[in-house]
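In this note's numbering, the protein residues as written are 12 to 907.
Built from N, CA and C at the ideal position, the CB exists for glycine as well.
Okay, structure first, notes after.
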């Protein structure tokens with residue numbers, strides 16, 4: 012900088028100060044002289060400064076050589092020679108090292124773990140004989156400097172050779188970051204070296220600075236570092252000096268530095284900070300309004316401090332009113348400011364530190380409607396290649412403008428996201444195109460990932476078409492699809508709602524449809540219903556009846572998954588009517604498959620069998636192998652309920668042919684039903700093998716609901732096979748899954764087999780209440796098939812406990828239900844149980860009649876239980892049958 016020397020010293024001082032970009036207050040702070048002294052000199056109140064004041068001012072202004080000599084001559088009242096006075100050029104901002112620390116904040120709140128971390132680092136470093144370096148980094152306004160100053164004051168007594176504070180101006184309005192050369196000059200002067208002995212150049216000054224610190228115990232606070240390169244030359248080379256560095260960037264490249272990445276305040280500390288700063292005696296940290304305010308402030312100390320000062324300076328404002336104002340505001344950042352400070356301005360300084368390409372990515376992130384994102388999403392949004400996108404995201408993360416809650420997934424702090432949205436609204440010139448790219452990416456990827464969970468072919472022409480995105484993930488194995496859908500589920504729901512409310516109904520229709528196979532097994536069902544209702548409304552808005560019918564089908568299917576069959580049936584019937592009216596053949600086949608299974612579950616197995624046969628035929632006509640496999644698997648259940656094991660087995664064998672090797676959700680379903688069919692005729696070991704394969708497949712595709720069902724049934728067949736410990740373990744796993752999924756109803760449905768296993772292991776009657784409770788639940792839910800099985804199980808346990816009359820009554824109830832729903836297998840089981848109960852009551856002829864009826868049904872079904880029934884009848888016809896019933900029963904129990 013250069014200035015023509017003015018005629019007065021005050022004018023000279025003003026000219027040099029202005030050229031350095033300093034206010035009077037800033038020069039006073041840097042020079043460590045009073046503001047009034049500088050003001051008096053520049054206004055001419057004082058003509059000349061004192062000698063030591065002139066020296067301090069020359070140091071602060073960076074004057075050297077001839078320019079410094081002329082400045083000091085002018086300060087002594089000697090008229091300078093004509094010409095230019097030149098101070099040393101400064102590449103960066105003005106360096107100002109002071110021998111005193113900034114004032115500690117009386118209202119400092121919280122941060123105990125971080126403080127302890129620094130103290131522990133100091134203790135450990137001292138024991139190891141190395142220099143102590145602690146880098147405190149974090150986003151704008153998180154309280155880095157406040158923490159560093161607070162810790163420095165706590166540690167100051169341990170550094171008797173002094174404390175030095177240096178403002179590096181990494182993000183100070185009106186200042187460029189301080190060049191290390193100038194920072195070293197200021198540090199050397201602050202450490203007592205006269206300016207004339209300070210060498211030129213970075214390396215000589217760094218060497219002299221390190222030499223100066225040898226054998227000294229000093230505390231050095233380097234505030235607001237711009238980058239690693241700015242800090243490295245300032246670090247000591249020997250132990251004894253503690254260096255605290257603050258920065259808005261991750262300084263992980265500082266070797267041997269202990270890095271503290273400062274996060275938001277915990278909610279409790281944030282509330283305490285607001286109350287302390289507001290100075291309002293009526294406020295308490297646990298007030299609901301206080302908690303809401305700090306939440307709306309994002310738990311950011313800077314924003315909390317500004318809002319607290321508003322409460323302090325406006326006594327008539329209430330916390331509740333201010334909380335409401337913040338919540339209702341469309342621009343919270345506009346409310347978070349005091350005098351010449353604002354949260355938005357603090358963020359703006361970080362934004363300006365980015366390259367133009369990084370700024371563009373940051374602005375476009377404000378258009379993302381979801382909660383978090385990965386690099387593929389951002390590449391689609393910005394229309395950039397993946398490698399460049401990853402580079403820009405890492406840069407934003409490095410500047411604390413992004414968080415990384417999980418590997419390769421990023422999110423913004425709420426207030427930074429709001430700041431990004433404001434920039435996007437002002438500067439993004441192709442917002443609509445960017446949003447379309449984003450939605451197209453989500454739809455493209457959801458369709459590919461959703462194929463792993465598909466139970467049908469695409470049911471109709473799409474309502475919207477979009478080209479492939481610039482890049483998308485590769486779903487090479489099933490677990491990749493599940494992982495992507497798990498990560499993006501919330502974003503996909505948010506994108507659907509956004510599309511529906513922003514004139515993009517086609518995306519609102521197609522996204523839920525693409526996700527349905529996954530959602531029926533992974534989603535929160537109430538949220539899934541809400542999502543498909545958005546699709547339904549959007550389809551009606553578009554006048555797309557086929558899409559409307561598909562949405563109705565998906566809604567009905569979700570209600571079936573929830574166990575609300577009575578709600579699902581009328582919705583499904585409406586969907587079928589629309590499918591027939593508008594010629595949606597795939598949609599009709601899919602809806603009929605669900606309808607047939609619902610009919611079977613409702614105890615109408617003959618009607619269900621007829622409907623499912625129609626569905627199988629329609630899927631075959633369409634060439635839909637997955638659809639055929641699913642319909643055949645459902646039909647096998649109806650065949651089994653009607654007593655035709657051979658027909659059920661044939662359906663399942665055919666279904667496996669259609670889906671074998673697919674590794675998808677349909678193959679897992681077929682294997683599960685195959686295991687259930689084998690278990691129904693007593694082939695327990697084969698049943699366990701099939702269900703175990705299904706369980707492995709459900710795990711591979713990441714289907715927790717399928718895993719839960721497979722584990723629950725596996726426990727049942729393990730129990731029937733006498734593997735009681737394994738049965739209890741499997742069922743416990745099933746119940747834990749149910750609990751983690753929040754499925755209380757499904758969890759309760761596992762009470763009966765758990766009771767069976769516990770009784771077999773412990774021989775206790777405590778489990779009777781569990782089974783009775785299960786029976787009540789099954790009856791109230793209309794689950795007749797489960798009810799009859801529970802009744803027969805309770806009858807068998809009651810007989811073993813020595814109460815044949817109650818046992819007979821329970822089996823009689825089971826027989827009535829089994830006859831009503833047409834379950835021959837449970838009819839045979841009921842008759843066999845009644846026979847044993849009669850035998851224990853010494854009613855031999857009636858017992859034999861029951862056994863013979865049960866045997867006839869078992870032989871027709873091909874059940875392995877027929878062999879045991881024949882043996883029982885042979886025993887009855889032997890001479891031992893004349894023994895007292897109690898003795899015969901005891902022997903029979905022993906054989907069992």
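**Asked** On the three-state DSSP scale, how would you describe residue 9?
**Response** In the structure as shown, the chain begins at 12 and stops at 907. Residue 9 is therefore absent and cannot be evaluated.
**Item:** Neighbourhood of residue 25 by C-beta, 7 Å cutoff - its chain only, sequence neighbours within 5 removed
**Value:** In the chain shown, the residue the question calls residue 25 occupies position 14. These residues qualify, in order along the chain: 53.
**Asked** Ordered along the chain, which non-local residues of its own chain (more than five positions away) have a Cβ less than 8 Å from that of residue 937?
**Response** In the structure as shown, the chain starts at 12 and stops at 907, and residue 937 therefore has no counterpart that could be examined.
**Message:** Going by DSSP in three states, residue 279 sits in which element: helix, strand or coil?
**Reply:** Position 268 of the chain shown, counted from the first residue, corresponds to residue 279. Helix.
**Request:** Thinking residue 579 and residue 602 are a contact (beta carbons under 8 Å), I'd like their distance in whole angstroms, please.
**Result:** Position 568 of the chain shown, counting from 1, holds the residue named residue 579. Position 591 of the chain shown, counting from 1, holds the residue named residue 602. Incorrect: roughly 11 Å between the Cβ atoms, too far for contact.
**Asked** Is the beta carbon of residue 721 sitting closer than 7 Å to the one on residue 711?
**Response** Within the chain shown, residue 721 is the residue found at index 710, counting from 1. Within the chain shown, residue 711 is the residue found at index 700, counting from 1. Contact: no.
**Prompt:** Which residues in the same chain as residue 118 place their Cβ atom closer than 6 Å to its Cβ, once the five residues preceding and following it in sequence are excluded?
**Reply:** As a working mapping, residue 118 is identified with position 107 in the chain shown. Only 287 and 288 meet the Cβ criterion.
**Request:** Taking residue 314 as part of the alpha helix (DSSP H), name the residues at either end of that continuous run.
**Result:** Residue 314 sits at position 303 when you count from the first residue of the chain shown. Its alpha helix (DSSP H) spans residues 312-324.
**Asked** Which residues bound the beta strand (DSSP E) around residue 144?
**Response** In the chain shown, counting from the first residue as 1, residue 144 sits at position 133. Taken as a continuous stretch (DSSP letters only), the beta strand (DSSP E) holding residue 144 covers 143-148.
**Prompt:** residue 225 and residue 144 look like a contact to me (Cβ under 8 Å); what is the Cβ gap, rounded to whole Å?
**Reply:** Here residue 225 refers to the residue found at position 214 when the chain shown is read from its first residue. Here residue 144 refers to the residue found at position 133 when the chain shown is read from its first residue. Contact doesn't hold; Cβ gap of about 16 Å is too wide.
**Message:** Taking the alpha carbon of residue 5 as the reference point, which residue from 153, 152 and 175 has its own alpha carbon closest?
**Reply:** The question about residue 5 has no answer, for the chain in this structure spans 12 to 907.
**Asked** Which residues mark the beginning and the end of the beta strand (DSSP E) in which residue 271 is found?
**Response** Here residue 271 corresponds to residue number 260 of the chain shown, with the count starting at 1. It spans 269-272 - the beta strand (DSSP E) in which residue 271 sits, taken as one unbroken run.
**Asked** Among 474, 188, 370 and 460, which has the Cα closest to the Cα of residue 547?
**Response** Against the chain shown, residue 547 aligns to sequence position 536. Closest by alpha carbon: 474.
**Message:** Quick check on residue 812: does DSSP put it in helix, strand or coil?
**Reply:** On the chain shown, residue 812 is found 801 positions in, with the first residue counted as 1. For residue 812, the three-state secondary structure derived from DSSP is coil.
**Prompt:** Hey, how far is the Cα of residue 415 from the Cα of residue 260?
**Reply:** Indexing the chain shown from 1 puts residue 415 at position 404. Indexing the chain shown from 1 puts residue 260 at position 249. Cα-Cα distance, rounded: 14 Å.
**Message:** Which same chain residues end up closer than 7 Å to residue 809 when comparing Cβ atoms and leaving out the 5 residues on each side of it in sequence?
**Reply:** Stepping through the chain shown from its first residue, residue 809 is reached at position 798. Only 817, 818 and 821 meet the Cβ criterion.
**Message:** For residue 92 and residue 76, what's the separation of their Cα atoms in angstroms?
**Reply:** Residue mapping note: residue 92 aligns to position 81 of the chain shown, counting from 1. Residue mapping note: residue 76 aligns to position 65 of the chain shown, counting from 1. With a pLDDT of 41 at residue 92, under the threshold of 50, the modelled position of this residue cannot be trusted; read the value that follows with caution. Near 15 Å, if we compare the C-alpha coordinates of residue 76 and residue 92.
**Prompt:** Taking C-alpha atoms, which residue in 299, 194, 263 and 218 lies nearest to residue 233?
**Reply:** In the chain shown, residue 233 corresponds to position 222, counting from 1. Distances from the CA of residue 233 to each of 299, 194, 263 and 218 were compared; the closest alpha carbon is that of 194.
**Prompt:** How many angstroms separate the CA atom of residue 337 from the CA atom of residue 359?
**Reply:** Counting from one through the chain shown, the residue named residue 337 turns up at place 326. Counting from one through the chain shown, the residue named residue 359 turns up at place 348. Distance between the alpha carbons of residue 337 and residue 359 is about 21 Å.
**Message:** Could you tell me the alpha carbon to alpha carbon distance between residue 676 and residue 430, rounded to whole angstroms?
**Reply:** Counted from its first residue, the chain shown places residue 676 at position 665. Counted from its first residue, the chain shown places residue 430 at position 419. If you draw a straight line from the Cα of residue 676 to the Cα of residue 430, it comes to about 43 Å.
**Backbone CA spacing between residue 764 and residue 282 [nearest angstrom]** = Within the chain shown, the letter at position 753 stands for residue 764. Within the chain shown, the letter at position 271 stands for residue 282. Low confidence applies here, because residue 764 scores a pLDDT of 47, under 50, leaving its location unreliable; read the following figure in that light. C-alpha separation (whole angstroms): 50 Å.
**Message:** Check this for me: beta carbons of residue 583 and residue 606, under 7 Å apart or not?
**Reply:** Translated into the one-based positions of the chain shown, residue 583 becomes position 572. Translated into the one-based positions of the chain shown, residue 606 becomes position 595. When the beta-carbon positions are compared, residue 583 and residue 606 come within less than 7 Å of each other.
**Message:** Considering just the uninterrupted stretch of the alpha helix (DSSP H) at residue 234, what are its terminal residues?
**Reply:** Within the chain shown, numbered from 1, the residue matching residue 234 stands at position 223. From DSSP, residue 234 is part of no alpha helix (DSSP H) but of the beta strand (DSSP E) over 230-236.
**Asked** From the DSSP output, which residues share a beta bridge with residue 175?
**Response** Taking the chain shown and counting its residues from 1, the one referred to as residue 175 is at position 164. DSSP lists 231 as partners of residue 175.
**Asked** For residue 129, which of helix, strand or coil comes out of DSSP?
**Response** Indexing the chain shown from 1 puts residue 129 at position 118. It is helical.
**Message:** For a test of the three-state rule: what should DSSP assign to residue 761, helix, strand or coil?
**Reply:** Along the chain shown, one-based indexing puts residue 761 at 750. Confidence at residue 761 is low in this model, with a pLDDT of 43, below 50, so its placement is unreliable and no value can be given for it.
**Item:** residue 653 (DSSP reduced to helix, strand or coil)
**Value:** Residue mapping note: residue 653 aligns to position 642 of the chain shown, counting from 1. In this structure, residue 653 counts as coil in the three-state DSSP scheme.
**Prompt:** For residue 343, does the count of other Cβ atoms within 10 angstroms reach 16, so buried, or fall short, so exposed?
**Reply:** Taking the chain shown and counting its residues from 1, one reaches residue 343 at position 332. It is buried - the Cβ of residue 343 has at least 16 other Cβ atoms within 10 Å.
**Request:** Quick one: using the 10 Å Cβ neighbour count with 16 as the cut-off for buried, is residue 557 buried or exposed?
**Result:** Stepping through the chain shown from its first residue, residue 557 is reached at position 546. Looking at its Cβ environment, which holds 16 or more other Cβ atoms inside 10 Å, residue 557 is buried.
**Asked** In angstroms, rounded to a whole number, what distance separates the CA positions of residue 44 and residue 37?
**Response** Numbered from 1 along the chain shown, position 33 holds the residue referred to as residue 44. Numbered from 1 along the chain shown, position 26 holds the residue referred to as residue 37. Near 10 Å, if we compare the C-alpha coordinates of residue 37 and residue 44.
**Prompt:** With contact counted as at least three CB pairs below 8 Å, one residue from each stretch, are the region 451-463 and the region 400-418 in contact?
**Reply:** no
**Message:** Check this for me: beta carbons of residue 479 and residue 495, under 7 Å apart or not?
**Reply:** Locating residue 479 in the chain shown gives position 468, counting from the first residue. Locating residue 495 in the chain shown gives position 484, counting from the first residue. No.
**Asked** What beta strand (DSSP E) runs, 3 residues minimum, are completely inside the region 154-215?
**Response** 174-178
**Request:** Return the first residue and the last residue of the alpha helix (DSSP H) that residue 524 is part of.
**Result:** Here residue 524 refers to the residue found at position 513 of the chain shown. It spans 516-533 - the alpha helix (DSSP H) in which residue 524 sits, taken as one unbroken run.
**Request:** Pull up the distance between the alpha-carbon of residue 615 and that of residue 536, whole angstroms please.
**Result:** Against the chain shown, residue 615 aligns to sequence position 604. Against the chain shown, residue 536 aligns to sequence position 525. Computed Cα separation, rounded: 26 Å.
**Inter-stretch contact at 8 Å, needing at least 3 Cβ pairs: the region 121-128 / the region 236-250** = Remark: fewer than three beta-carbon pairs, one from each stretch, lie closer than 8 Å, so the region 121-128 and the region 236-250 are not flagged as touching.
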